[in-house]
DNA sequence: TAATCAATTAAAACATTGGTTAAATATATA
DNA sequence: TATATATTTAACCAATGTTTTAATTGATTA
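Protein chains in written order, with UniProt numbering: chain Y, 1 to 106; chain L, 1 to 106.
In structure tokens, the structure reads:
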């Protein structure tokens, strides 16, 4: 199941922090690593967890590997889980469906 | 940080399953345990993780301990995280604020 | 009170996660 | 080609999480 990997990926402060950084701009692996007090290999593994979960994408650009967030996947998973647990939120749910329908506009 | 505990609590299939069960109705610890192929103590631990994270509440009722979900906490945490990472979703964000304002109506 | 049922806590075994350093791979450049 | 930089993979260790069985606590009832 994919929700498994996503929740597991989110269950880590450094990984959530990486997502927050990437939500503002795309960054190379090295740029990300430089923002943490942690070795590059450790960051590389966190990035691979995030990528396996489908929360980020990577692209090699020369020597560098650029990472970029996959917002749709994150939003869709969390909102669909939220509404599975809490189907009460009517208007919010409607908006969520609308958003999912025009996913590509992000 | 409380988001830490919440994401850690959600990073477990059995715990998410427990939340799903509790989203439909309140259940005793034993009723929950009977739905899993797992010992009662194991379930008890999962319940305590969920309760520490503030995702469920418990109340002793005679011999039994009844568990009930705390939907607001879950929804608020996940939506606020979602919008921290993805502030693009304008209308959804507005609805979320509205919902937070009338929290008690759940 | 004694016996029973429900639930949690304790202790131990086992698996998983998260970090390190060292080695390997990929690209750029002198 | 040789060297340097960026990143990932491999091997390893420490810490944490998950489960089990056994013991303990709380509440009901015969």
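Glycine included, C-beta positions come from ideal geometry on N, C-alpha and C.
Spatial neighbours of residue 59 (chain L) in its own chain (CB-CB distance under 6 Å, excluding positions within 5 residues in sequence) are listed in chain order as 66. Using a CB distance below 9 Å, no part of the segment 26-45 of chain L faces chain Y. Take the alpha-carbon of residue 81 (chain L) and the one of residue 34 (chain L): they are about 33 Å apart.
At least one CB of chain L lies nearer than 8 Å to the CB of residue 23 (chain Y).
Counting only the Cα atoms, residue 21 (chain Y) lies some 31 Å from residue 20 (chain L). Each of L:9, L:29, L:15 was checked against the Cα of residue 62 (chain L), and the nearest Cα belongs to L:29.
Close partners of residue 52 (chain L) in chain Y (Cβ separation under 7 Å) are lacking, with about 15 Å as the shortest Cβ gap. Neighbours of residue 19 (chain L) in chain Y, taken as residues whose beta carbon is under 7 Å from its own, are 85 in chain order. Not one beta carbon of chain Y lies nearer than 8 Å to the beta carbon of residue 63 (chain L). Shown here, residue 27 (chain Y) sits in a strand according to DSSP, grouped into three states.
By the rule that beta-carbons nearer than 8 Å mark a contact, residue 10 (chain L) touches chain Y. Pairing residue 75 (chain Y) with residue 6 (chain Y), the inter-Cα distance amounts to about 11 Å.
For the pair residue 64 (chain L) and residue 4 (chain L), the Cα-to-Cα distance works out to about 30 Å. Per DSSP, reduced to three states, the secondary structure at residue 57 (chain L) is strand. If you draw a straight line from the Cα of residue 54 (chain L) to the Cα of residue 17 (chain L), it comes to about 16 Å.
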